[in-house]
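Residue numbers (full-length UniProt numbering): 1 to 447. Note that beta-carbon positions come from the ideal geometry of N, C-alpha and C, so glycine has one too. The structure appears below as structure tokens.
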Amino acid sequence: MGQFFSKEEVSSHTPTLEDWELYGKALKNLESFEVSQIYDRNDPHSRLFFVLADGTENDLKDPDKYTNVALLKYELKRNADPHVASHYVSGVGTYQGAGTLWTKASAKLDAVFSLTDRQRAEELYESLSKQVNTWKREDPGARISVVHVGFSRGAGVATLLNRMIHERGIKDTETKKIVNGKLQPTGEHLIKPGQLRQAALLYDPVTTFMQGDFTLSPSTVSALQLNAAHEYRALFPVTSIAHGPDQLQATLPGCHADIGGGYEKDGLARYARDLGTAYLNQLAGHALFRKPVLPPRDDPSCVIHHSWEHNAAYGKLAERQVVQGAMDRSKETVPSSTLPDVERATLPPTERLPKNGPFKEKADDFRQMASTDLLEKYPGDQSVLDAVAVRETGRKFAGRYLPNETDRARFMNQVDSRLAHNLEYGQRNPAPRILEKQETLTLEAER
């Protein structure tokens, strides 16, 4: 996630020997980790597509703040192999060009509530679909694999896409036939659901306010997740995504962006990128990416940033929270740790959501009732309290950044729609639990 509503500069400290031992342990674990090679440059039928999803408020506008995901885009731009392709999306909370008042304000609010994450996943899917259609037209025997690389909420976007690909497959969008007098795509699968090999490199995943299944699909043959050991912001719990066979998690010294990149003093991010590069090259079967230049460990660029200083509203915890993104496939249910405390849902993780969720009545009340009335009707219900806290936080931000009443109403409709959906299907609205004096803030906002 980015630095929304934040100051740029924060203090930092030098990693200790104990901190560097984390890197040494991660390096050793990666060296012993068996990585499946999913591309062969000597095989004329082999193809490889990279999905690049950047973190909150991270884009390509300022080269001095490029993340490890953005740097990878430029590595791939120099690649001359026609059998390797990629598509990059900027993080939630970004906008194109100079931007208008509306786009800038919407981007700030998007940075908080992640309203465009699925839109970005769909953009990536469309790009992949076009490339697969091109490759299959050129070579019907092409064997295609996908590697997802994401940072922060971009890792969440990549995981949503991973499941999207597994469940949809890739259809032929170019071959057409006449149906009811109209020329339409045949809709036949070029790659059937569950048949596209996938892998993932996830830099410190954070999925605050995102909704969906953050489990890597069964078609994932390998995954590496790199977590930040020194990220203590309450709004930045790490989402544990890489689980099971052929998936590895490693913890590295540094805060969130010390792992994913973006700071001027990027020494630790380079060390994280070094591990990521080694992993990607193993997937590719050769040195597709250049090894980053690593500064000496006592170099001034090797510091642990105090990320909680960016904004006091983030809060600082003694220990980082962990959100479990993985599901117990043996029971085919959503784990209790990802759902509201009061009630538990049992939704099949690979099927589409039913028309009506198990908590539809509560969601309908949320859509129709004021926050104070909701708190009176559902006393002590943590899921309602969380949703109300998000709503009132959104109202506060909208009042600050959207002077036009129509724009404020438009935004709040988006926020309420997202929250009601989460309530109906038993999905978390996690971050508001961390806000202090929620009921007091809510009552004051209603007045």
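- Spatial neighbours of A420 in its own chain (CB-CB distance under 6 angstroms, excluding positions within 5 residues in sequence) are listed in chain order as A363, F366 and R367.
- Closest by C-alpha distance to V303, out of P379, N281, Y314 and D266, is D266.
- Under the three-state reduction of DSSP output, T372 falls in the helix class.
- The count of Cβ pairs closer than 8 angstroms, one atom from the region 286-294 and one from the region 215-227, stays below three, leaving the stretches out of contact.
- Under the three-state reduction of DSSP, Q195 is assigned to coil, being neither helix nor strand.
- Judged by pairs of C-beta atoms under 8 angstroms, the region 57-73 touches the region 82-94, as three or more such pairs exist.
- Scanning S90, E57, H83 and P82 for the CA closest to the CA of K73 turns up S90.
- Shown here for A284: same chain residues with a beta carbon closer than 6 angstroms to its own, the five before and five after excluded, namely Y39 in chain order.
- The C-alpha of F50 lies about 11 angstroms from the C-alpha of S127.
- In the DSSP assignment, N162 falls outside any beta strand (DSSP E) and within the unbroken alpha helix (DSSP H) covering R153 to R168.
- By the neighbour-count criterion, in which a residue is buried when 16 or more other Cβ atoms sit within 10 angstroms of its Cβ, V157 is buried.
- In the structure shown, A420 adopts helical secondary structure according to DSSP, grouped into three states.
- When the beta-carbon positions are compared, F214 and I241 come within less than 8 angstroms of each other.
- In the three-state reduction of the DSSP assignment, K136 falls in the helix class, which pools H, G and I.
- When DSSP states are grouped into helix, strand and coil, I241 belongs to the coil group.
- In the structure shown, the three-state DSSP call for Q131 is helix.
- Between L52 and V69, the C-beta gap is smaller than 8 angstroms, which places the two residues in contact.
- In this structure, the beta-carbon distance from V10 to H243 does not fall below 8 angstroms.
- When the alpha-carbon of Q321 is set against those of T207, T173, L76 and L124, the nearest one is in T207.
- Bounds of any beta strand (DSSP E) do not take in V303, whose DSSP letter is neither H nor E.
- Beta-bridge partners of I178 (DSSP): L183.
- Taking K177 as reference, the option from K171, P185 and L101 with the minimal CA-CA separation is P185.
- Rounded to whole angstroms, the Cβ separation of L252 and Y23 is 6 angstroms, and the two are in contact under 8 angstroms.
- Contact between the region 128-137 and the region 162-172 is present: three or more C-beta pairs spanning the two stretches fall below 8 angstroms.
- Here L30 has L224, L248, A250, L275, A278 and Y279 as same chain residues with Cβ atoms under 8 angstroms from its own Cβ, once five neighbours each way along the sequence are excluded.
- The three-state secondary structure of R41, taken from DSSP, is coil.
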